[in-house]
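The structure under discussion appears below in the form of structure tokens.
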Amino acid sequence: MDSTVSASKGCFVFKKQNSEKNKKRKSKGKKQLKSNELKTELWHSTFIDIWTDVKSKLDDLNESIYSKFISESVDFMTTTNNTASHKNIPTACLLTGVNLPDHESLFGLLASSLEKSKPPVAVAILFSEHFTSVKSAVVNMVSQLINSKDDYSDSDEEIDESLNQKSFIKRSECSISTLIDWYNDQPIGTRVAILVKDFEMCQQTVLQNFILLLSCYIDMIPFVLAIGIATSISNLHNALPHHVVTKLKVKMFVSEASVVFLNNIMDKVFLKPDCSFYLGGRILEYVTEVFLYYNFSIKQFVESLKFCLMEHLYLKPLNCICVAHESAQGDLFDSLDEETLKELTKLRSTNYKLKLDYNLKETFLKLIKELKTCIEDFNIGLRILQILVADLPNSPLGTQLREMYSIGMKKHIIDDPSFKTCLQLLKFLSKGDLLTKFDKICHILKNSKKNKRAKYALKLVQSYAISIEEAQLSNVIVEAKTQVDLKPLENLKVVSRSQFKKKLIDNVKHEDIRPMTEFEKARSKTLDDLTDVILRQFLTPPTTMPLHELLIFDDLPSIKRKIIGEDRAAQYTAFVNPQHYIDCDCCELEYTEQILKTMPDICIVYKLHLESRFDQINIYDWLQKFISVVGSDQNELDNDNDVDPALQARFIRAINELQHLGYIRKSKYKADHMQRLTCGSY
Amino acid sequence: MLSNLTKLSIIKSLNSEFLFREVQIDTLCNLLIEDDVLPPCVFVHGLPSVGKTSLISRLLFYIRDSTKTSIVNSVCCYTNRVLFESILKDLLQIKQSDLPHRCDNFMQFINVLKQFSIQKERVIIVLDKCEMLAQELIVVFSKLQEFIKSHQLCVIFVSQVLPTKFDEDINFIPIILEQYNSVEISEILLIDKPNDWSIEVYKNFLTVFIGSFIGNCRDLIELKHLAKILFVKYVEPIQDGSCAELNQNFLFRKISPTIQLLLNNVYLGTSLESVDSLSDEKIKFEKFALDLPYYAKYFLIAAYIASFNSPKYDRKLFVKASNKRKKTKLPKKSDNSISELVGPKNFSLDRLLAIFYAIIEENTNMTANLLAQINTLADLGLLMRFGDGKLDTPKYKCSVSYDCIINIARTVKFNIDKYLIDQ
Chain W
1 MDSTVSASKG CFVFKKQNSE KNKKRKSKGK KQLKSNELKT ELWHSTFIDI
51 WTDVKSKLDD LNESIYSKFI SESVDFMTTT NNTASHKNIP TACLLTGVNL
101 PDHESLFGLL ASSLEKSKPP VAVAILFSEH FTSVKSAVVN MVSQLINSKD
151 DYSDSDEEID ESLNQKSFIK RSECSISTLI DWYNDQPIGT RVAILVKDFE
201 MCQQTVLQNF ILLLSCYIDM IPFVLAIGIA TSISNLHNAL PHHVVTKLKV
251 KMFVSEASVV FLNNIMDKVF LKPDCSFYLG GRILEYVTEV FLYYNFSIKQ
301 FVESLKFCLM EHLYLKPLNC ICVAHESAQG DLFDSLDEET LKELTKLRST
351 NYKLKLDYNL KETFLKLIKE LKTCIEDFNI GLRILQILVA DLPNSPLGTQ
401 LREMYSIGMK KHIIDDPSFK TCLQLLKFLS KGDLLTKFDK ICHILKNSKK
451 NKRAKYALKL VQSYAISIEE AQLSNVIVEA KTQVDLKPLE NLKVVSRSQF
501 KKKLIDNVKH EDIRPMTEFE KARSKTLDDL TDVILRQFLT PPTTMPLHEL
551 LIFDDLPSIK RKIIGEDRAA QYTAFVNPQH YIDCDCCELE YTEQILKTMP
601 DICIVYKLHL ESRFDQINIY DWLQKFISVV GSDQNELDND NDVDPALQAR
651 FIRAINELQH LGYIRKSKYK ADHMQRLTCG SY
Chain A
1 MLSNLTKLSI IKSLNSEFLF REVQIDTLCN LLIEDDVLPP CVFVHGLPSV
51 GKTSLISRLL FYIRDSTKTS IVNSVCCYTN RVLFESILKD LLQIKQSDLP
101 HRCDNFMQFI NVLKQFSIQK ERVIIVLDKC EMLAQELIVV FSKLQEFIKS
151 HQLCVIFVSQ VLPTKFDEDI NFIPIILEQY NSVEISEILL IDKPNDWSIE
201 VYKNFLTVFI GSFIGNCRDL IELKHLAKIL FVKYVEPIQD GSCAELNQNF
251 LFRKISPTIQ LLLNNVYLGT SLESVDSLSD EKIKFEKFAL DLPYYAKYFL
301 IAAYIASFNS PKYDRKLFVK ASNKRKKTKL PKKSDNSISE LVGPKNFSLD
351 RLLAIFYAII EENTNMTANL LAQINTLADL GLLMRFGDGK LDTPKYKCSV
401 SYDCIINIAR TVKFNIDKYL IDQ
């Protein structure tokens, strides 16, 4: 076992875990969880309510986005007829993108829709772990296919298990011949679909032989293959030799890019007024950054939002009350204790105006209501803004709703410099473009009829649209004096270069005051009105309202470390300042380099090894240093050669721990030296 | 008892089915369709798709009444047990459940054979693709006749691998099937002529077809497949009525772009419907391949730089404070530089991280997700991982091409040429 070679020689026992024991342990664990079930606390029930709502929306969305991809590939896999003369296996190459964590759900979806299709299809999903040898691949495939129908019954109840075991075929007996016997009992026309999830990670030779093996039996069982490829199709051709590829009849299917999912999830689930979980701008920016910069994984994205929600509600009754239904809010508020009410008065956003008096409940509920309408308006405003600016050249405010959302949450978007450039660009739009935009805005406003402000805005926008439509393109409003134009053109001949430049700029300025047409005037007027009257009201950032902390989650520092772990940083703190984690009184540091006797051994050893100037460290010297720190004072008087075996053992143990963490290793050049693997100190 | 007449008729019908194989058919038939003694071991060798397996199985089909036969594809036999039991099932004509006991090793196999007194019958066992079997198994199978003590048992090995590559211990009668030459191929392809076209048109087509493809591909199955696709395209102008049937030049001009396209896609399992969309799909997929997360792109770029630059230039390239960089002129990368021809070199994780932080503009903490990116890249096959990756510091190699990295660098607006040095 390579993994257990260490500085001290020893022997390690690896006990094989009995599968039956395991099962028992698992079932026990389940029961314990059930008995220990979380008491129906307010935060928990609220969390479950909100999350199930979000989850169901996400699932719907997931299916609708994948639907084309899935239905196409299912179509291919169920309808292609393998002509007997060619003996090809119909193969769907699913180009699924590099977001590896998401593939599992995609293949699950594919499998379930294959099972529903007609003629019936039996499905087995193989992962790269199964391709350690052809045997294990075959055994897994066959056992999945044959035992598939018992699956859902035996997972529920223990009583059923004994019954099922009879029909359950042992893994050792799973071979192709049993599969053939099984297949002959299936309804005629059944296909056998085999989904290989991660092509790149499979052992290529095993996969090749597996494909060859399948092709041998294609006469007897109509196999269909689906291979998930994360990078590109050329990878398939590079990896499989000719005699394997000729056994396949390949067709490619490309799934949507995962960024499309992100945008859809944001637009249709989280950034909608009916979602009762509101994200702050910074959080949203952070999680999308994690998505775009790190892994493209929707699954992780959703999980981290789930975590945010949990963090937002956990043991915070005020937050829960805010999302509760209006009728219940009053009662819930009455049940609060004094402590939380005090907290309420300390919120920064209220400017400390709330006092602990009998009016508190009323003002609180009123403020929350106002906040909610503000958020609603904000969402409408964002959608209007998106229509206006999304297709502008260079997209100064971004094209996606989420981008505008995170800007708008932080400060008033109208005051943002990029909005001004947007406005300038908008003033160059043609009549047709502008009218279609207004049309779309009207549509949005009509859809949100409940909102009072929207009604009013709708009227305004309609009047704008009419005024633009009526404005004539060619009618020049005669205001500017045409005589001025001619003058500077004559004076173009000048002596110096700077003067020439100046003149040119002047000329440009003069051109600017060229007469505006009626349409142009109407255009700039309506756009200015639109921003000042409608957008400014609608886009008031909810974060400027009182009590916004209770409804909008924007506590980035508290979740940052939890969403993306910084393992190295955490290890470093643990070594250098163990008090940070163990919270003892004895290890308080005055300066970072300080080494205290009371620290854990590994910390002392770590700090000592940082003091070494070279990457080769003599173990004996190290030990001496260690003893000088840890050992009692009497030891120093004794003969240096006598090392307390207890201390030595502690030291060796600490060194081993350090080695297992990957900080040091045995030196290749000197027998009694260790090599440091990290660089730099403190 | 087989009379000479039936033997002759078998030879005749085999010859009509398999062209240009007279000699081999003759030897095989003489060996196998003889009355008293069968040779212990025959080795049939030939390159892919020259008709080894189909010839043997056809021959065995003809003599199935007098001889017990078993044809086993070694690819399907991933364990010895599967191999033995499938042979037994064929020879004894029984079901899996009727086998007396498990048959895990060779002794058990022989015992079962003896138990069913196989010595009294003529038996031929064919081991197709025998290079997949273990060396010992091949040796023992070649001596099966001795073990069973029967002169009427023959094992035929079929393989693409030269018989001399196997252990010299085996005494076998070699039968070599040569590859067809272009004339023979055109003769064979002519058999597949679609019914509704005259032989003239198809012959013309075949001269064009074989002329352009014979250099790339001699695989008969692949050629048949390609001919099928191409012929449909070839006759399109004739069906339109825009061309006379025998206007070869015109037809060739029409078909040559498709030929060019197909030539690049030989062996890719191209299907008929995708021929037209092949070229633009390819471009699309190359783009798709570059769809990596932002940091992953930078990691890949850093890995490429680490793989193709020698570490001694790192200081000059990446230490921003040093002024030496401007003074000493670094040799710039040219096309087909030596380092590129030599291939990527190993680099350690530390070096990769150092270069990554040197080229990336933003300030990023070294988080778990960031480090996971490296493993993801390795899993995707874009980086190659060396070493056990546990206690020893792992080493990596970058396995993407220059063109690919240039495209990736372009998407993040990074000038990679600036950092590549020709040694």
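Chains as they are written, first to last, in the UniProt record's numbering: chain W, 1 to 682; chain A, 1 to 423.
Every residue gets a Cβ at the ideal spot worked out from N, C-alpha and C, and that includes glycine.
From a predicted model like this one, the values you see are computed outputs, not experimental measurements.
The contact set of Ser177 (chain W) on chain A, defined by CB atoms closer than 7 Å, consists of Gln96 in chain order. It is roughly 49 Å from the alpha-carbon of Arg653 (chain W) to the alpha-carbon of Ser175 (chain W). In the three-state reduction of the DSSP assignment, Ala193 (chain W) falls in the strand class, which pools E and B. Counting the other Cβ atoms within 10 Å of the Cβ of Asn105 (chain A) gives fewer than 16, which makes it exposed. Between Leu371 (chain W) and Leu547 (chain W) a beta carbon distance of about 6 Å is seen, short of the 8 Å cut, so the two are scored as contacting. Closer than 8 Å to the CB of Tyr294 (chain W) there is at least one CB belonging to chain A. Against chain A, the beta carbon of Lys135 (chain W) has neighbours under 8 Å at Tyr78 and Thr79, listed in chain order.
Ile384 (chain W) and Ile441 (chain W) have their C-alpha atoms spaced approximately 6 Å apart.
Neighbours of Ala368 (chain A) across chain W, judged by C-beta separation under 9 Å: Ile564, Gly565, Glu566, Asp567 and Arg568.
Below the 7 Å Cβ cutoff, chain W contributes no neighbours of Asn105 (chain A), its closest Cβ being approximately 16 Å away.
Distance from the CA atom of Lys455 (chain W) to the CA atom of Lys446 (chain W), rounded to whole angstroms, is 8 Å. Using a CB distance below 8 Å, the part of the UniProt domain "ORC5 lid" (202-244) of chain A facing chain W consists of Asp219, Ile221, Glu222 and His225, ordered along the chain.
Close CB contacts of Asp128 (chain A) within its chain, under the 7 Å cut and outside five residues either way in sequence, are with Thr53, Ile71, Val72, Asn73, Ser74 and Val158 (chain order).
For Met252 (chain W), the uninterrupted beta strand (DSSP E) segment begins and ends at Leu248 to Val254. A straight line joining the alpha-carbon of Val196 (chain W) with that of Ala574 (chain W) spans about 42 Å. At least 8 Å separates the CB of Leu88 (chain A) from every CB of chain W. Between Gln144 (chain W) and the set W:Gly228, W:Tyr669, W:Cys584 and W:Val123, the nearest pair of CA atoms involves W:Val123. Contact check for Leu382 (chain A) and Ser399 (chain A): beta-carbon distance about 6 Å, within the 8 Å limit, so the pair qualifies.
Distance from the CA of Phe116 (chain A) to the CA of His243 (chain W), rounded to the nearest whole angstrom, comes to 38 Å. For the pair Ser198 (chain A) and Ile118 (chain A), the Cα-to-Cα distance works out to about 53 Å.
With contacts defined by Cβ atoms closer than 8 Å, Gly280 (chain W) and Met404 (chain W) do not form a contacting pair. Counting along the chain, the unbroken alpha helix (DSSP H) around Ile387 (chain W) starts and ends at Leu360 to Val389.
Here Thr364 (chain A) is near Leu370 (chain A), since their CB atoms are less than 8 Å apart. 8 Å or more divides the Cβ of Asn346 (chain A) from the Cβ of Leu420 (chain A). The alpha carbon of His45 (chain A) has as its nearest neighbour, out of A:Leu177, A:Val342 and A:Ile238, the alpha carbon of A:Leu177. The C-beta of Met674 (chain W) comes no closer than 8 Å to any C-beta of chain A.
In the three-state scheme derived from DSSP, where H, G and I count as helix and E and B as strand, Cys154 (chain A) is classed as strand. If you draw a 10 Å sphere on the C-beta of Phe356 (chain A), you find 16 or more other C-beta atoms in it, and that means buried. Counting only residues of its own chain and dropping the five nearest sequence neighbours on each side, Gly189 (chain W) has a CB closer than 7 Å to the CB of Pro119. Annotation for His580 (chain W): the continuous alpha helix (DSSP H) segment containing it runs Gln579 to Ile582. Within the same chain, Cβ atoms closer than 8 Å to the Cβ of Phe553 (chain W) are found at Phe277, Tyr278, Leu279, Gly280, Ile283, Cys308, Leu309, Glu311 and His312, the five residues on either side in sequence being excluded. Annotation: Cβ neighbours of Tyr294 (chain A) in chain W (cutoff 7 Å, chain order): Leu292 and Tyr293. In this structure Phe500 (chain W) is exposed. Its beta-carbon is surrounded by fewer than 16 other beta-carbon atoms within 10 angstroms.
Beyond the five residues adjoining it in sequence on each side, Ile301 (chain A) comes within less than 8 Å, by CB distance, of Ile359, Ile405, Ile408, Ala409, Val412, Phe414 and Ile416 in the same chain, given in chain order. Pairing Ile414 (chain W) with Arg613 (chain W) gives a Cβ-Cβ distance that is not under 8 Å. Taken through DSSP and simplified to helix, strand or coil, Phe386 (chain A) comes out as strand.
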